[in-house]
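Trainee: Note that this note's numbering gives residue 249 to position 254 of the sequence shown, counting from 1, and the numbers run on in steps of one. Got a structure here, written out as structure tokens. Questions coming.
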Amino acid sequence: MGKINLTTIALVLFGLYVLNSLYVLYHFFYLPACTGGPKLCLYPHQTIDGPLEVALYTSTKKDAINSNSMEFVWKDDNFSVLEPFSLSINVSIPRKTRKNGTLFAHLFIYPHGMTPFDNYFTSHAVDELTIYAVPKDESVNLLSSTKNEKKAPSHSELPVSHWRKKLSFHILSEKVVFERFAIPAEIYSFLRVTADEQYLPVLYADQLQVKYRHTKQLNKTSVEMPLIVEYSPISLGRLRMWSSVHQSLATMKSLGFSDKDLDDIRGLFTEVNMYLLALTFAISIFHILFDFLAFKNDINFWRKTDSMVGLSSRTVVWRCVSSFIIFLYLLDEKASLLVSIPSGIGTLIEAWKLTKAFKIEIDLRQMRIKFGERSSKEKETDSFDDEALYYLKYLIYPLVAASAVYSLIYHPQKSWYSWFIKSLVNGIYVVGFLFMLPQLFVNYRLKSVAHLPWKALMYKAFNTFIDDVFAFIITMPTSHRLACFRDDIVFVVYIYQRWLYPVDKTRVNEYGMSYEDEQNQPKKQHTD
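So, in structure tokens, the structure goes:
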């Protein structure tokens, strides 16, 4: 019986995670039928079938429940639960709100001909029309702007009141019969029960639609603001999922995630088709698995590598430098942590590879850095590397300079530092593809690919194609998005070279072994 290794454990945990996710997702959308009668079951009230009215009020108080403390905004006397709509209205902003205050929207659903107040058959929901956020940074043209304009706006780090541009709400369209003692926790707070033990229409104010990038800062002159009111019916499964995600976002915000990070997660649920969202979740699971396997095999390869024969040293240097610059760029652009954190971890790994590639040792006693000797075979590889870079430099320098000048003239910048970092990273994205070519050139000159860590490369190739999907879903700078597609071409060429060149049995593979060495050793169980 073979040994249980880390890969086997990862695959087992991966399978269990998938099964558990499918089980939880199924029960989100399908509840067991309640057959215990009125004593054990909670039925929907008949008002959901009759004519309804919807009214919108605003107030500076969240718990306002009477007309004296509210201002009427809009009303629909012929509201239908099954008919979605969208309309644009103007909302008056009270003086208290303009002075960095808060404004709440109060939605009421009630039977036709009645009033929203003092009514036992009214469904009520509250949502914030303003949110507190740190003012956004402004950009200016560094060449044409005056000295005063070039100074970055000294915004306070204290959050100020911002206006939401959209208010979305939903009503549960399914006539669900709940078990009284097994009501899902995600919608328990939305239920309002009448005296005859039936629940009123479930009204949900969609807070996932609140996005920081869609807000506008309020000031003392903001007397009236436009607001888009949207309505659509919602299923039980989606209502439970939306409520659960909102609670998770509140937890993430308390842990220090920024508004921009939370915007990216909200966008996954509100701006993407449900089928595409399901596909995204599915491939995300495989992305995690391939990330782990690629990381494991890549670290294992470089940990055992003592020779750079057949491996481009300059490609390793380029990856380390470019990873660091891209990480600084993502921080300057305040990109999502979903993108920035993996980039930072990747930068540290590339720095460690650099020490292996150049055989760098740090002598703490003498406080100096030692570089190991390179063999004749490694020097031969370096000569191929130099030859490839010699041809590339005539393309690299003009492209980087042209990109920097174009950005300075035509694009507004937040600061000179921001322009410098952006110019470097644009140069990396432009010529990054070219700097991946030396390794392909070394493979071509050696007519072999046996020296490459193929397991790690294939896992990374799978993830690169998966990243193409995320490039359309997760918010990231456009240049970073295009880089995802750039990597596809390189991996396709790697695969072509794998097919084109025969396996050189005298060269070592990713485990530091050659085919001829394996023939002279007793066979062992393969443990990956």
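Just so you know, even glycine gets a beta-carbon here, dropped at the ideal spot from N, CA and C. Note that this is a predicted model, so its numbers are computed, not measured.
Are there three or more Cβ pairs, one per stretch, closer than 8 Å when the segment 252 to 264 is compared with the segment 114 to 124?
Mentor: Because the criterion of three Cβ pairs below 8 Å is not met, the segment 252 to 264 and the segment 114 to 124 do not touch.
Trainee: Going by the beta-carbon positions, is the gap between residue 60 and residue 196 smaller than 9 Å?
Mentor: Not in contact: residue 60 and residue 196 (Cβ atoms no closer than 9 Å).
Trainee: Looking only at C-alpha atoms, which of 291, 300, 339 and 98 sits nearest to residue 314?
Mentor: That would be 339, whose Cα lies nearest to the Cα of residue 314.
Trainee: Is residue 373 buried or exposed, if buried means 16 or more other CB atoms sit within 10 Å of its CB?
Mentor: With 16 or more other Cβ atoms within 10 Å, it is buried.
Trainee: Under three-state DSSP, which class holds residue 321?
Mentor: DSSP places residue 321 in helix when its eight states are reduced to three.
Trainee: Determine the closest residue to residue 569 out of 280, 282, 319 and 348, with distance taken between C-alpha atoms.
Mentor: Residue 569 lies beyond the residue range present for the chain, which begins at -4 and ends at 523; the question has no answer from this structure.
Trainee: Thinking C-beta only, is residue 64 closer than 9 Å to residue 54?
Mentor: In this structure, residue 64 lies closer than 9 Å to residue 54 by Cβ.
Trainee: For residue 220, name the three-state secondary structure that DSSP assigns.
Mentor: If DSSP states are grouped into helix, strand and coil, residue 220 belongs with the strands.
Trainee: Beta strand (DSSP E) containing residue 38: first to last residue?
Mentor: 36 to 39 is the extent of the beta strand (DSSP E) around residue 38.
Trainee: Residue 71 lies in the beta strand (DSSP E); which residues open and close that run?
Mentor: Note, residue 71: beta strand (DSSP E), 66 to 74.
Trainee: Would DSSP call residue 352 helix, strand or coil?
Mentor: Looking at residue 352 - three-state DSSP - the assignment turns out to be helix.
Trainee: Does the Cβ of residue 445 have 16 or more other Cβ atoms within 10 Å, making it buried, or fewer, making it exposed?
Mentor: So residue 445 counts as buried.
Trainee: Report yes or no: do three or more beta-carbon pairs, one from the segment 90 to 107 and one from the segment 227 to 243, lie closer than 8 Å?
Mentor: Contact fails: fewer than three Cβ-Cβ distances are below 8 Å.
Trainee: Which value, in whole angstroms, describes the spacing of the CA atoms of residue 361 and residue 350?
Mentor: Approximately 18 Å, taken between the alpha carbons.
Trainee: Tell me whether residue -1 is buried or exposed, calling it buried when 16 or more other Cβ atoms sit within 10 Å of its Cβ.
Mentor: Looking at its Cβ environment, which holds fewer than 16 other Cβ atoms inside 10 Å, residue -1 is exposed.
Trainee: Rounding to the nearest angstrom, what Cα-Cα distance links residue 77 and residue 264 in this structure?
Mentor: C-alpha separation (whole angstroms): 21 Å.
Trainee: Buried or exposed: which applies to residue 209, given that a residue is buried once 16 or more other Cβ atoms fall within 10 Å of its Cβ?
Mentor: With fewer than 16 other Cβ atoms within 10 Å, it is exposed.
Trainee: Exposed or buried, residue 192, counting other C-beta atoms within 10 Å across all chains shown (16 or more means buried)?
Mentor: Residue 192 is exposed by the Cβ-count criterion.
Trainee: Using C-beta distances below 6 Å, list every residue in its chain close to residue 49, excluding the 5 sequence neighbours before and after it, in chain order.
Mentor: Counting only Cβ-Cβ distances below 6 Å, and skipping sequence neighbours, we find 71, 74 and 104.
Trainee: Does the segment 173 to 193 come within contact of the segment 21 to 30, defined as at least 3 CB pairs closer than 8 Å?
Mentor: In short, these stretches touch, since the Cβ pair count reaches three.
Trainee: Taking the CB atoms as reference points, tell me whether residue 116 and residue 62 lie closer together than 9 Å.
Mentor: No, these two residues do not count as a Cβ contact at 9 Å.
Trainee: Should residue 6 be labelled buried (16 or more other beta-carbon atoms within 10 Å of its own) or exposed?
Mentor: By the 10 Å Cβ count, residue 6 comes out exposed.
Trainee: Considering only their Cβ atoms, is the gap separating residue 291 from residue 1 smaller than 9 Å?
Mentor: Contact flag set, yes.
Trainee: Pick out whichever of 188, 47, 239 and 248 has its Cα sitting closest to the Cα of residue 110.
Mentor: Considering only alpha carbons, the answer is 47.
Trainee: Could you give the DSSP three-state label for residue 197: helix, strand or coil?
Mentor: The answer is coil: DSSP assigns residue 197 none of H, G, I, E or B.
Trainee: I need the straight-line Cα distance from residue 416 to residue 390, nearest angstrom please.
Mentor: Going from the Cα of residue 416 to the Cα of residue 390 covers about 20 Å.
Trainee: Which residue wins for smallest C-alpha separation from residue 126, given the options 207, 421, 484 and 278?
Mentor: Per the Cα distances, 207.
Trainee: If you reduce the DSSP assignment to three classes, tell me which class residue 261 lands in.
Mentor: Helix.
Trainee: Using a Cβ-Cβ cut-off of 9 Å, state whether residue 188 counts as contacting chain D.
Mentor: The chain labelled as chain D is not found in the depicted structure, where only one protein chain is given.
Trainee: Excluding the five sequence neighbours on either side, which residues of its own chain have a C-beta within less than 8 Å of the C-beta of residue 189, listed in chain order?
Mentor: So the qualifying residues of the chain are 40, 115, 116 and 195.
Trainee: Please determine, among 98, 58 and 45, the residue with the shortest C-alpha to C-alpha distance to residue 68.
Mentor: Of the listed residues, the one whose Cα sits closest to residue 68 is 98.
Trainee: Would you tell me roughly how many angstroms separate the C-alpha atoms of residue 16 and residue 261, rounded to the nearest one?
Mentor: Whole-angstrom Cα-Cα distance: 20 Å.
Trainee: How would you write the range of the alpha helix (DSSP H) that residue 7 sits in, first residue to last?
Mentor: Run containing residue 7: 1 to 24, per the alpha helix (DSSP H) assignment.
Trainee: Rounded to whole angstroms, what is the Cα-Cα separation between residue 488 and residue 240?
Mentor: Approximately 41 Å, taken between the alpha carbons.
Trainee: Can you have a look at residue 19 and say buried or exposed, based on whether 16 or more other CB atoms are within 10 angstroms of its CB?
Mentor: It is exposed - the Cβ of residue 19 has fewer than 16 other Cβ atoms within 10 Å.
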